[in-house]
Every structure is written in structure tokens, then in C-alpha cells.
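To start, the structure itself, in C-alpha cells.
Protein chains in written order, with the working numbering: chain A, 1 to 231; chain B, 1001 to 1231.
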């Protein structure tokens, strides 16, 4: 069933508000008010906030699976690698409320406790195929255990990136956060870097030369390192 | 001030209960009952559960900083590398309740919002010195940006490891979880692996030969990959 135009607008507006203010700070009344519709009109399409979140999660999952498709009828190229990187980072940024609050969402919604592992499994298995594809055409050199470990590390780093930024004190609110979220791309590049070969290797070495040090570390180096004792 | 014997016993018992049942499921009454002391006796030493958690966090922080000390008066060796690995994994396991619930702890306790970034900074800066030490003696080969990126990736993977296991459906409760938590060691080995040289490289290649595939991936491969649509 194709979502109606109002349904689409509700999702878009909810996503923007959740990202900007955090999911917990936004009620269905906020969403209706922002859209200039009555709460009753909103409830006609989504019975409650959990239904809106579920619909956004479905959208996120579908888009993520789509960007991880393998090209049909041709081998993977080093442009595909850049494309995967950019698409995944864009997904991280566009649905950052999901990553920022995933622990809370899973606790608040038993359905997510079932959906999330399935989604994780789906993405990681597809990642395995993609990396094997890059190995097959000589753009990377990895053993199967190295592929597995890389995918698990990538998954943990990417899905926890926003949380890391908040918890390590780099991110205070949503303003000016975009460049920090995009730094996830930098971490991905370094995770893959050692395994790149051929044309991918050349691109990596150019990137390394241009990137220099990380802003994150510069900030860390300026923060205090002593904690007062509680006794 | 040296903690009294009762204080020490309260911390040990609380840590065991928090790890086994999760911090939220354990009250100060549970702790007192497990110890066979009155709640009043417990409150004499710690006014509430938050004070117990804060004392455990201090202990965790101090122990972690201690295991990351550099040897005095000699260069780092490849045995030090193994030692750091084992000590950090032991810390992850011994204080797993902190990692499992750190998002909740930080939300519930404004003090942690200040302490945690300082702790993160302290550990990551010390990690930078250690890795530079390994580079200096030729056991690793990394540029400073590669060291920074590796430390950030290690931090995120290790501190989110237990959470990853729960959220991806690998861990249901605390029973039989020890071997899964120790798999964090495996992820660390793969993160560092590409940069190892000399004697460290030889140890890594022996490890790779012995390790084979990951249990985690085998489990993922058996889980369902279809999610029912909500519409």
C-alpha cells in the first residue's frame, strides 16, 4: 500500500524533529503542530509515536539494504567502494536519532528487540558479500576471518558513532554536528585501509595525505585528565 | 582513606550482583540481604545505590589507568602487548555492568556526564603513548593519524562490545556470557593486526591460523533475515 501524502509528510517532519531534538523530547502533539494538522488527523495515520518510529525504522532498514545492493551483471569497482561509504554515512546522518537513542528505543519497544538483530544480521551478511566481491576483483586482500572481524568492527563503530560523540563530550546538541557525524567516514576509511590493494590503495594513500590529524583527538588533548576522588 | 572491610565487601558483592542481574534490577536491600547485613549498616557506608556505583566506577577507572601504565626504565616488548590485551579484556569482563548500561548510567547520573569524557580522554591519550612506544621499537608501523583512528575504533568497539552482543541477539542473560565477552579480544587483535611488525607480526599470524571463523558470524548466518512489513 502506497503511503498517502499526509503519511509521508508526517514521517518527514517526525524524522526532522526527532533528529533535531531527540526522540524523547518530541510528542505526537509537537509533530501535528509543526505540520499544521490536528492531533486527530495524525492519529488517523499513526495511532501513536511508537508507530511513527516503527515506520521510520522500516524506511531506514529498507533504504540501508537498498544502498548495499551489489551491481548486477558487472564486477565491483573502486567507485562502488566510495559510493557505499558515502551512502552509509548519509544514512547515519539522516537517521541519527535512531543511532543516538537505539538503546532506549529497544528497551521501550519489545518489537525492536526482535527486529534489530534481524536487521543487523541482514546488513552484516550483505557486507560479507560485498567485501568478498572486492577481494575477488583484487581491490582488497583479506581472509574470510578478517572480513568477518572487519564487518563486526565497522558495524559497532558506525552504529555507535553518534553515541560516542555525545558520551565523549564532543557533541552537546544537534547544531553543528554534521561534520562530526561525517567523521564516521574517516573511521571507516582507516578500518578498511590496511586491506586495500591496487586502485583502492592509491585512493586511500591520497586520502591519508590530505586528511592529517583528527579534530576529535585535538579536542581530547585539550580536555582535563584528572578526576576528583569521591572519598 | 582506606576503605573498611565492610566497605570493600559491599563493593565486591554489589559488583557481582550488578554484573549478574544488571544494575537496574538490584536494590540496596538486595545487596544488604546478600551480605547478611542490615540496610542501615549499608547506608552507613554508602548513602544510596548511586554512591555504590560511583565507588565502583572510581575503582574501575583507577584499575584501567593502572593496567595502561608504561614500563619504567625499559622499552615496550611484544609480551607487553599481550599483557595489555589480557588486562583490558579482564577489565571489560569484571565490570561488564558498566558497559552494558553506560547509556542509562550517564542519563541517570549527571556526575557521570562529566566524569565519563574525562576518563575516555585519559585512556585514549595513554593509548596514544603506548602505540607510539610500539612504533618506536619497531613492533608496529603506523602514522600518527593511523594511531588516532585505531584508538578511537578500539575504544568504541571495546566499550560497546557487551551492548553489541545484547542488541544483536547473541547474549540473552549473564549465564555463559564469558566466552562471548572474551571475543572482544579477537576484535582487538584484528584491529591491530595489519599494523604489527617483527615479533608481534609472527604472533599475530600464529593467532590467525589458530582462530578460524568467528562463532558470532556462524550465529548470524543462522538467524532469519526477513522482517515482516508493518503495513
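The beta carbon of each residue, even a glycine, is placed where N, CA and C say it ideally should be. Remember, predicted model here, so these are calculated numbers, not experimental data.
Supposed contact pair residue 184 of chain A and residue 207 of chain A - C-beta distance, whole angstroms, cut 8 Å: Here residue 207 of chain A corresponds to residue number 207 of the first chain, with the count starting at 1. Here residue 184 of chain A corresponds to residue number 184 of the first chain, with the count starting at 1. Separation of the CB atoms of residue 207 of chain A and residue 184 of chain A is rounded to 15 Å, and the pair is thereby denied contact status at 8 Å.
Interface partners of residue 1074 of chain B on chain A, CB under 9 Å: Counting from 1 along the second chain, the entry for residue 1074 of chain B is found at position 74. Within chain A, no residue has its beta carbon less than 9 Å from that of residue 1074 of chain B; the closest one is some 25 Å off.
C-beta contact flag for residue 1011 of chain B and residue 1055 of chain B at 7 Å: Sequence index remark: in the second chain, residue 1011 of chain B carries index 11 (1-based). Sequence index remark: in the second chain, residue 1055 of chain B carries index 55 (1-based). Less than 7 Å separates the beta-carbon of residue 1011 of chain B from that of residue 1055 of chain B.
Inter-residue spacing [alpha-carbon to alpha-carbon] between residue 193 of chain A and residue 1088 of chain B: Along the first chain, read from residue 1 onward, the residue named residue 193 of chain A stands at position 193. Along the second chain, read from residue 1 onward, the residue named residue 1088 of chain B stands at position 88. Distance between the alpha carbons of residue 193 of chain A and residue 1088 of chain B: 25 Å.
Pick from B/1136, B/1106, B/1180 that is closest to residue 983 of chain B, judged by C-alpha positions: With chain B represented from 1001 up to 1231, any question about residue 983 of chain B goes unanswered, as that position is not in the structure.
Own chain residues within Cβ distance below 6 Å of residue 1230 of chain B, not counting five before or after: Position 230 of the second chain, counted from the start, is the residue given in the question as residue 1230 of chain B. Its pLDDT being 48, under 50, residue 1230 of chain B is placed unreliably by the model, and nothing is read from it.
As assigned by DSSP and simplified to three states, the class of residue 115 of chain A: For the purposes of this step, residue 115 of chain A is identified with residue 115 of the first chain, where counting begins at 1. DSSP, read as helix, strand or coil, puts residue 115 of chain A in helix.
Own chain, CB closer than 7 Å to residue 1140 of chain B, minus 5 neighbours either side, in chain order: For this step, residue 1140 of chain B is matched to residue 140 along the second chain. Within the same chain, residue 1140 of chain B has close Cβ partners 1131, 1134, 1195, 1196, 1197, 1200.
Beta-carbon proximity of residue 1042 of chain B to residue 1013 of chain B, cut-off 7 Å: The sequence position of residue 1042 of chain B within the second chain is 42, counting from 1. The sequence position of residue 1013 of chain B within the second chain is 13, counting from 1. In this structure, residue 1042 of chain B sits away from residue 1013 of chain B, with a CB-CB distance that is not shorter than 7 Å.
Distance between residue 179 of chain A and residue 203 of chain A (C-alpha atoms, nearest Å): Residue 203 of chain A sits at position 203 when you count from the first residue of the first chain. Residue 179 of chain A sits at position 179 when you count from the first residue of the first chain. Whole-angstrom Cα-Cα distance: 21 Å.
Given residue 22 of chain A as reference, the closest of A/99, A/74, A/169 once Cα atoms are compared: Residue numbering aside, residue 22 of chain A sits at position 22 when the first chain is read from its first letter. Checked all of A/99, A/74, A/169; the closest Cα to residue 22 of chain A is A/99.
Beta-carbon neighbours of residue 1187 of chain B, restricted to chain A and to distances below 9 Å: As a first step, residue 1187 of chain B must be located in the second chain, where it is residue number 187. Near residue 1187 of chain B (Cβ distances below 9 Å), the residues of chain A are 149, 152, 153, 156.
Endpoints, the alpha helix (DSSP H) within which residue 64 of chain A is located: The count along the first chain starts at 1 and reaches residue 64 of chain A at position 64. Unbroken alpha helix (DSSP H) run through residue 64 of chain A: 49 to 67.
Counted within 10 angstroms of its Cβ, other Cβ atoms place residue 29 of chain A as buried (16 or more) or exposed: If you number the first chain from 1, residue 29 of chain A lands on position 29. So residue 29 of chain A counts as exposed.
Residue-chain proximity (residue 1164 of chain B, chain A), Cβ-Cβ < 7 Å: Counted from its first residue, the second chain places residue 1164 of chain B at position 164. True, the Cβ-Cβ gap to chain A drops below 7 Å.
Residue 1106 of chain B: contacting residues in chain C (beta-carbon distance under 9 Å): Absent here is chain C; the protein component of the structure consists of chains A and B.
Closest Cα partner of residue 67 of chain A within the set A/73, A/39, A/101, A/122: Within the first chain, numbered from 1, the residue matching residue 67 of chain A stands at position 67. Comparing Cα positions, the closest option is A/122.
Residue 167 of chain A (DSSP reduced to helix, strand or coil): By one-based count along the first chain, residue 167 of chain A stands at place 167. If DSSP states are grouped into helix, strand and coil, residue 167 of chain A belongs with the helices.
Within 7 Å of chain B by C-beta, residues of the region 110 to 137 of chain A in sequence order: Residues 115, 116, 117, 118, 119, 120, 121, 122, 124, 125.
Proximal residues to residue 1232 of chain B (C-beta, below 7 Å), its chain only, five neighbours per side dropped: Since the first residue of chain B shown is 1001 and the last is 1231, residue 1232 of chain B is not available in this structure.
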